[in-house]
Amino acid sequence: MKLKLFSILVGTMLATSALAEDTIKIGVPVGLSGANSVIAPAIVQASELAVEEINAAGGILGRKLELHVADDGSGAAGAQKAFDSLVFQKEVNAIIATETSAARNAGLPIVAKGDIPYIYASFYEGRSCSPNLYVNGWVPEQQVPPVVDYFIKTQNAKKFFLVGSDYAFGRGMLEFARAYITKAGGEVVGEEYLPMEGTDWTAIITKLKGSGADALITSTAGGTPNVTLTKQLRAAGVTLPYGNLAVDEGTAKSMGADAAGIFIAASYVTSIDSPANKSFLAAIEKKFGTELRTPNDLSVPQYEAVYLYKAAVEKAGTTDTAAVLEALPQVSYTGPRGVITMNKQHHAPLTMYLGQVEADGSVKVVQTFEGVDPGEQCPNL
99 MKLKLFSILV GTMLATSALA EDTIKIGVPV GLSGANSVIA PAIVQASELA VEEINAAGGI
159 LGRKLELHVA DDGSGAAGAQ KAFDSLVFQK EVNAIIATET SAARNAGLPI VAKGDIPYIY
219 ASFYEGRSCS PNLYVNGWVP EQQVPPVVDY FIKTQNAKKF FLVGSDYAFG RGMLEFARAY
279 ITKAGGEVVG EEYLPMEGTD WTAIITKLKG SGADALITST AGGTPNVTLT KQLRAAGVTL
339 PYGNLAVDEG TAKSMGADAA GIFIAASYVT SIDSPANKSF LAAIEKKFGT ELRTPNDLSV
399 PQYEAVYLYK AAVEKAGTTD TAAVLEALPQ VSYTGPRGVI TMNKQHHAPL TMYLGQVEAD
459 GSVKVVQTFE GVDPGEQCPN L
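Remember, our numbering sits 98 above the position in the sequence shown when you count from 1.
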């Protein structure tokens, strides 16, 4: 009797172990709270759709995907807890994340220690390099020139005022913008920053209005800072040509009429006229209905990143980290943004769209730039 009971227990344990090994765990640290809380729901929805679709089609190498979402608080301290939980407690096979640069930088050492692949799906300031890290979002070399060139050539802009959130993304984007503006023959007449969680832009707006600037470029943390800054600019009567290097289409819609007229450069807009984008929009609308958050330049790369991981695992024939990392730059995925391949020093060439936000929050495409190279990002990898 005891022997039989022991055999049953062993069998149950082995079955449970096999079941656990039969799933592939994807960790998604994201700012459910903090500055990124405005954009996080769309990112989670995109992740859920990708996992659902892949599982419905048989999973990856016959194994189902299992999604684990953790709140990174939009910052370093929260990210350390989220990454630690996902990597060492949940034991995820990969991290696929759209989050702030502060969160990414805090999570990278944990990813390296746990030695798992990390696909960063957010646009960012560039030059974050790690053997475990691949990026399918845009960098300054792809995003800044369309805005600056358009302002100089069509808006007769000569004097630029720069405003950013005081952390890696805000300063990194504006450092590149400052250099590019100068190279293009313009002049930066002011550059101001507010802490990432700051909400009162009054003093900075006063400096802007007294600077003599004829164009404004901002680089704030995605989500809440974009909303508060834009509302206060409009309330103060600022009507300068306004290029926002961090606003996405979803956040623009949440701003209402305040966002009208803002210029953005993005690798995704909902109006992309392609079979892949139309199929994606139909699928996500069907899944989430009235709860759908606007797909945007943060959530769509997240969706595509899950498929890129799938392609890499299938090419490698295993979830083994070394094999997957070797496969990632060799695979492509044709999604809502087109064909995405992270083969340029762990980054991806992207088609970029210069657009202007309309009164309903939609983006009217002004110019399209095919296959923009990310430039020198990680030459030593």
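We put the beta carbon where it would ideally sit given N, CA and C, even for glycine.
Self-check item: Whole-angstrom distance between residue 341 and residue 326, CA atom to CA atom
Solution: Counting from 1 along the sequence shown, the entry for residue 326 is found at position 228. Counting from 1 along the sequence shown, the entry for residue 341 is found at position 243. Spanning the two alpha carbons is a distance of roughly 16 Å.
Quiz item: Skipping 5 residues on each side, what residues in its chain have a beta carbon closer than 6 Å to that of residue 442?
Solution: Mapped onto the sequence shown, residue 442 falls at position 344. For residue 442, where only same-chain residues beyond five positions count, the Cβ hits under 6 Å are 472.
Quiz prompt | Presumed contact (8 Å Cβ cut-off) between residue 313 and residue 253, rounded CB distance | solution = By one-based count along the sequence shown, residue 313 stands at place 215. By one-based count along the sequence shown, residue 253 stands at place 155. With 8 Å as the limit, residue 313 and residue 253 qualify as a contact, their Cβ atoms being about 6 Å apart.
Self-check item: Backbone CA spacing between residue 476 and residue 408 [nearest angstrom]
Solution: Locating residue 476 in the sequence shown gives position 378, counting from the first residue. Locating residue 408 in the sequence shown gives position 310, counting from the first residue. Whole-angstrom Cα-Cα distance: 24 Å.
Exercise. Output the distance between the C-alpha atoms of residue 248 and residue 158, rounded to the nearest integer angstrom.
Key: The residue you call residue 248 lines up with position 150 of the sequence shown. The residue you call residue 158 lines up with position 60 of the sequence shown. Their backbone Cα atoms lie some 44 Å apart in a straight line.
Quiz item: Who are the Cβ neighbours of residue 351 in its own chain at under 7 Å, not counting the five residues just before and after it?
Solution: Taking the first residue of the sequence shown as position 1, residue 351 is located at position 253. Answer for residue 351: 392 and 459, listed in chain order.
Quiz item: Looking at the structure shown, is residue 443 part of a helix, part of a strand, or coil, going by DSSP?
Solution: The residue labelled residue 443 in the question sits at position 345 within the sequence shown. In this structure, residue 443 counts as coil in the three-state DSSP scheme.
Quiz item: CB-CB under 6 Å to residue 322, same chain, minus the five flanking residues each way: which ones, in chain order?
Solution: Reading the sequence shown from its first residue, position 224 is the one you call residue 322. Once the five neighbours on either side are set aside, the close Cβ partners of residue 322 are 133 and 136.
Quiz item: Where in the region 382-449 do unbroken runs of the alpha helix (DSSP H), each at least 4 residues long, occur, reported from the N-terminal end onward?
Solution: 397-414 and 419-425
Quiz prompt | Where residue 223 sits in the DSSP three-state scheme | solution = Taking the first residue of the sequence shown as 1, we reach residue 223 at position 125. Coil, per DSSP.
Quiz item: Got a sec? Which residues, its chain only, sit under 8 Å from residue 453 by beta carbon, not counting five neighbours each side?
Solution: Along the sequence shown, one-based indexing puts residue 453 at 355. Excluding residues within five positions, the ones whose Cβ falls inside 8 Å are 361, 362, 363, 364, 367, 461, 462, 463 and 464.
Quiz prompt | Uninterrupted beta strand (DSSP E) stretches inside the region 318-346 (no shorter than 3 residues) | solution = 340-342
Quiz item: Run through DSSP, which three-state label would residue 469 get?
Solution: Start at 1 with the first residue of the sequence shown, and residue 469 comes out as number 371. Here residue 469 sits in strand by DSSP.
Self-check item: Candidates 256, 297, 439 and 398: closest to residue 310 by CA position
Solution: Locating residue 310 in the sequence shown gives position 212, counting from the first residue. Looking at the Cα atoms, 256 is the closest of the given residues.
Quiz prompt | residue 176: first and last residue of the uninterrupted alpha helix (DSSP H) it sits in | solution = Looking up residue 176 in the sequence shown gives position 78. Element bounds for residue 176: 174-182.
Quiz item: Looking at the unbroken alpha helix (DSSP H) that takes in residue 278, where does it start and where does it end?
Solution: Locating residue 278 in the sequence shown gives position 180, where the first residue counts as 1. Here the alpha helix (DSSP H) through residue 278 covers 266-281.
Exercise. Give the DSSP bridge partners of residue 233, in chain order.
Key: By 1-based counting over the sequence shown, the position of residue 233 is 135. Answer is 218, bridged to residue 233.
Quiz prompt | At least 3 beta-carbon pairs within less than 8 Å: the region 210-223 vs the region 182-194 | solution = yes
Exercise. Reducing DSSP to helix, strand and coil, say where residue 120 ends up.
Key: Position 22 of the sequence shown, counted from the first residue, corresponds to residue 120. Coil at residue 120, not helix or strand.
Quiz item: To which residues does DSSP link residue 454 through a beta bridge?
Solution: Mapped onto the sequence shown, residue 454 falls at position 356. In the DSSP output, where bridge partners are listed per residue, residue 454 has 361 and 462.
Exercise. Can you give me the Cβ contacts of residue 386 inside the same chain, cut-off strictly under 7 Å, excluding the 5 residues immediately before and after it?
Key: Taking the first residue of the sequence shown as position 1, residue 386 is located at position 288. Excluding sequence neighbours, residue 386 sits near 143.
Self-check item: Through-space distance from residue 183 to residue 438, alpha-carbon basis
Solution: For the purposes of this step, residue 438 is identified with residue 340 of the sequence shown, where counting begins at 1. For the purposes of this step, residue 183 is identified with residue 85 of the sequence shown, where counting begins at 1. Whole-angstrom Cα-Cα distance: 30 Å.
Practice problem: Would you decide whether residue 199 is buried or exposed? Buried here means 16 or more other CB atoms lie within 10 Å of its CB. | Solution: On the sequence shown, residue 199 is found 101 positions in, with the first residue counted as 1. Looking at its Cβ environment, which holds 16 or more other Cβ atoms inside 10 Å, residue 199 is buried.
Quiz item: Can we say the region 368-380 touches the region 418-428, given the rule of at least three CB pairs closer than 8 Å?
Solution: no
Quiz item: Where do the ends of the beta strand (DSSP E) carrying residue 258 lie?
Solution: Translated into the one-based positions of the sequence shown, residue 258 becomes position 160. Segment 257-263, the beta strand (DSSP E) holding residue 258.
Quiz prompt | Of the listed residues 286, 388 and 129, nearest to residue 167 (C-alpha basis) | solution = Within the sequence shown, residue 167 is the residue found at index 69, counting from 1. Among 286, 388 and 129, the Cα nearest to that of residue 167 is on 129.
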